[in-house]
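Asks:
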């Protein structure tokens, strides 16, 4: 394991945090929030120092790193960047402990949305903007990881080859820089589009900015205590639905629509997810809540955002929790088991039943009616992800129960953690006091928020490499 090579790339990931800190310094100066400006100056200096020191350590090392080193890099990125993002929380006037600050920052960069703050409306606007920025940068980093690291064909548990990823040749070293630029530009365009639509729908500009950064990253932070303080009219709800679709469906779908590429053939997964969404909405459409609110809740659950306009007195908690476990497209900011893996398992089970009933039948092993075949490896990986999800669920629930959280709440919170979904009224656990949880519970939630993004399989591969060297 060559940590010098890892440190070089780790240093590069520090500089965007410096840019975010600089933007907050400008924001604080322009709106006269001078009480908080020092925390962003410290963050700017520390992130720059870490960036230059890490690059200096690894500058003379070989720049090519293997897949296991890339996985370790991802974990280090989440830990180090979370530590840097936590500085404004820790240095603020709200007497936040470093563990709570670190918890808030991990929740941000993983897009989970758990918060130690109870009254968001009383927070410094610069800190609200910082929270939203942490989700935005976390979503961007995850897309980098998804397309440049998790596309590895040898360890193909993300199965990205089943979904179209644009014209980016993500496995070509010569095109890595070009790939990163294209991802950043498209991600920024989508963020700005959501921001523009929210503004047109008469959402306050400050709320539009923060909400757009949360929605594009499938995050759960909002600039107020409840979503209904921002989203009221039907037009605003329609814009919100569009934003949820952006975070749930293939990252390159809108890109290909703008380029007028052949959409249906290259985005079969997205078509199936939309059909599934419609089915899930129709199943409860005639509930006591309006159709748009139900639509927002279903799409928010599938995208693993968790934001909803439904109150806690609904009787659909378990339904929304189960929908959350499904997740969206492979190439998106959503988490969960992922729809395609569930599709593979269901198709495999149905194929085995058909074999028993009619052994002479020709079994269709294509996925989404495309030319891609479902291999035995795909089936094993899908089953492994499915099992690892429940292993994580069992372990985390057990830890939370020790913290005097009842079984139902522990079960729900564990699923939301593993799927990087925020707590909200539609899940029945809106009033969770994260700031006062036991240290063991906070650390466990931090670990599994990161595992929710990188998959438990990544951890198994790292352990195998370290303790059982091949």
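Residue numbers (our numbering): -7 to 462. Just so it is clear, CB atoms sit at the ideal spot from N, CA and C, and this is done for glycine as well. These numbers were taken from a predicted model, which means no experiment stands behind them.
Unbroken alpha helix (DSSP H) runs of length 4 or more, entirely within the region 424 to 462: which are they?
Replies: 431 to 446, 448 to 459, all fully within the region 424 to 462.
Asks: Short check: CB of residue 219 to CB of residue 291, under 7 Å?
Replies: No.
Asks: Counting only the same chain and skipping the five closest in sequence on each side, list residues whose C-beta sits under 8 Å from that of residue 101.
Replies: Within the same chain, residue 101 has close Cβ partners 70, 73, 74, 77, 126, 127, 129, 130, 133.
Asks: Could you pull the start and end residues of the alpha helix (DSSP H) that residue 309 belongs to?
Replies: Taken as a continuous stretch (DSSP letters only), the alpha helix (DSSP H) holding residue 309 covers 309 to 318.
Asks: Going by other Cβ atoms of all chains shown within 10 Å of its Cβ, with 16 needed for buried, is residue 4 buried or exposed?
Replies: By the neighbour-count rule (16 or more Cβ atoms within 10 Å), residue 4 is not buried but exposed.
Asks: Where do the N-terminal and C-terminal ends of the alpha helix (DSSP H) with residue 125 fall, by residue?
Replies: It spans 117 to 140 - the alpha helix (DSSP H) in which residue 125 sits, taken as one unbroken run.
Asks: Just to confirm my understanding: we take residue 457, look at its own chain, exclude 5 residues before and 5 after, and list those with CB closer than 7 Å. What are they?
Replies: Counting only Cβ-Cβ distances below 7 Å, and skipping sequence neighbours, we find 60.
Asks: In or out: residue 2 buried (at least 16 other Cβ within 10 Å) or exposed?
Replies: Buried, because 16 or more other Cβ atoms sit within 10 Å of the Cβ of residue 2.
Asks: Skipping 5 residues on each side, what residues in its chain have a beta carbon closer than 7 Å to that of residue 109?
Replies: So the list reads 115, once near-sequence residues are dropped.
Asks: Could you have a look at residue 199 and say whether DSSP puts it in helix, strand or coil?
Replies: In this structure, residue 199 counts as helix in the three-state DSSP scheme.
Asks: Taking the alpha-carbon of residue 433 as reference, which of 11, 203, 423, 402 has the nearest alpha-carbon?
Replies: Here the closest residue by C-alpha is 402.
Asks: Excluding the 5 residues flanking residue 159 on each side, which residues of the same chain have their C-beta closer than 6 Å to its C-beta?
Replies: With a pLDDT of 49 at residue 159, under the threshold of 50, the modelled position of that residue is not reliable, and no figure is offered here.
Asks: Got a sec? Which residues, its chain only, sit under 7 Å from residue 374 by beta carbon, not counting five neighbours each side?
Replies: Result list for residue 374: 333, 336, 337, in chain order.
Asks: For residue 316, count neighbouring C-beta atoms within 10 Å of its own C-beta (all shown protein chains included) and say buried if the count is 16 or more, exposed if not.
Replies: It counts as buried.
Asks: Does the Cβ-Cβ distance between residue 105 and residue 212 come in under 7 Å?
Replies: For residue 105 and residue 212, yes; Cβs fall inside 7 Å.
Asks: Using the Cα positions of residue 446 and residue 358, report the straight-line distance between them to the nearest angstrom.
Replies: In a straight line, the C-alpha of residue 446 is about 27 Å away from that of residue 358.
Asks: On the DSSP bridge list, what partners appear for residue 365?
Replies: 358, per the DSSP bridge assignment.
Asks: Assign residue 88 to buried or exposed, taking buried as 16 or more other Cβ atoms, counted over all protein chains shown, within 10 Å of its Cβ.
Replies: Residue 88 should be labelled buried.
Asks: Tell me the DSSP secondary structure of residue 398 in three-state form.
Replies: In this structure, residue 398 counts as coil in the three-state DSSP scheme.
Asks: With a threshold of 16 other CB atoms inside 10 Å of the CB of residue 225, please say whether the residue is buried or exposed.
Replies: The residue is exposed, with fewer than 16 neighbouring Cβ atoms inside 10 Å.
Asks: Output the distance between the C-alpha atoms of residue 450 and residue 412, rounded to the nearest integer angstrom.
Replies: Residue 450 and residue 412: Cα-Cα distance of roughly 17 Å.
Asks: By DSSP, does residue 13 sit in helix, in strand, or in coil?
Replies: Here residue 13 sits in helix by DSSP.
Asks: Starting from residue 344, trace the alpha helix (DSSP H) both ways and give me its first and last residue.
Replies: Note, residue 344: alpha helix (DSSP H), 331 to 349.
Asks: So, under 8 Å CB-CB, residue 295 and residue 239 are touching, yes? Tell me the CB distance rounded to an integer number of Å.
Replies: About 5 Å separates the two Cβ atoms, so the contact holds.
Asks: Go through its chain and collect everything with a Cβ distance to residue -1's Cβ below 6 Å, but skip five positions before and after it.
Replies: Excluding positions up to five away in sequence, the list reads 46, 49, 50.
Asks: Taking only the alpha-carbon atoms, compute the straight-line gap between residue 430 and residue 350 and give it to the nearest angstrom.
Replies: Cα to Cα, the separation comes out at about 56 Å.
Asks: How about residue 309 and residue 419: do their beta carbons lie closer than 7 Å?
Replies: The answer is yes: Cβ separation under 7 Å.
Asks: Is DSSP giving residue 277 helix, strand or coil here?
Replies: Reduced to three states, the DSSP call for residue 277 is coil.
Asks: Kindly give me the distance between the Cβ atoms of residue 385 and residue 421, rounded to whole angstroms, as I take these residues to be in contact under 8 Å.
Replies: Contact flag wrong, Cβ pair sits at about 15 Å.
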